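Worksheet: one structure, shown below.
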Amino acid sequence: SGEAVIKVCSFYKIPPKEVLVVYDDADLPLGRLRFRPSGSAGGHNGVKSLIQHFGTDQFPRLKFGIGRDPKAEVDPRRDMVSHVLGRFEAHEVESLEKNMADATEAVNCALSGGLAEAMNRFNQNPEKPPKPKTQSPRKLPETETLPDLSRTTDGGSVSPDQKPTQES
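Every number in the numbering used here is 200 more than the matching position in the sequence shown, counting from 1.
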């Protein structure tokens, strides 16, 4: 809760902007990581508590995706608390080990290289290929030599199969 965090920060004189908060986010797919430099609570009670106790939303955070409960689509009465505090499915557990290692690496990157570097490195969407930095010019198809469409010296036009006449 924000109460515990603010006590530690007060004791060690750590400003909120130097606290990296790591928390679950149901709006991200399972295992997806996303850094943010600041922002609202987005409905997350723990983050609401931190904002209330810090008196600001200006603190960096790392969201760890837990996905939405697929059973909630069938039964909307299933609440978020059951999903968040419940057990992972067997197929989810397999990928979680790698996801946790990625999260650890992300935190280490943010602490050693800074938030901007961590955001550039870990906020990528793995389902979308990265956009190229520059577009290469389109290559036009090779064509035969174009006809000479210049005007004759007498002001008349020349058809593509004629050669212009030259006056001496």
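Yeah, the Cβ is synthetic: ideal placement off N, Cα and C, and Gly gets one too.
Remember, predicted model here, so these are calculated numbers, not experimental data.
query	result
Member of T304, F288 and I214 whose CA lies at the smallest distance from the CA of L222	The sequence given here places Val at residue 222; Leu does not occur at that position. The residue with the shortest Cα to Cα distance from V222 is T304.
Residues near G314 in its chain [Cβ-Cβ closer than 8 Å; skip 5 each side]	none
Burial state of L285 (16 or more Cβ within 10 Å)	exposed
Residue range of the alpha helix (DSSP H) that includes F259	First-last for F259: undefined, no H or E at that position.
In DSSP terms, what Y212 is bridged to	According to DSSP, which records beta bridges pairwise, Y212 is partnered with nothing at all.
From L233, V219 and E218, residue whose alpha carbon lies closest to that of D225	L233
Beta-carbon proximity of S201 to S249, cut-off 9 Å	yes
Euclidean distance between Cα positions of G246 and E203	10 Å
D302, DSSP secondary structure in three states	helix
According to DSSP, residues forming a beta bridge with L233	F264
Residue of K207, P215, K298 and N308 minimising C-alpha distance to T256	P215
Nearest-angstrom Cα separation, counted from K298 out to K213	34 Å
Identity of the residue in Q324, N320, Q258 and P229 nearest E292 by Cα	P229
Cutoff 8 Å; reference G242; Cβ partners in own chain excluding five residues on either side	D225 and D227
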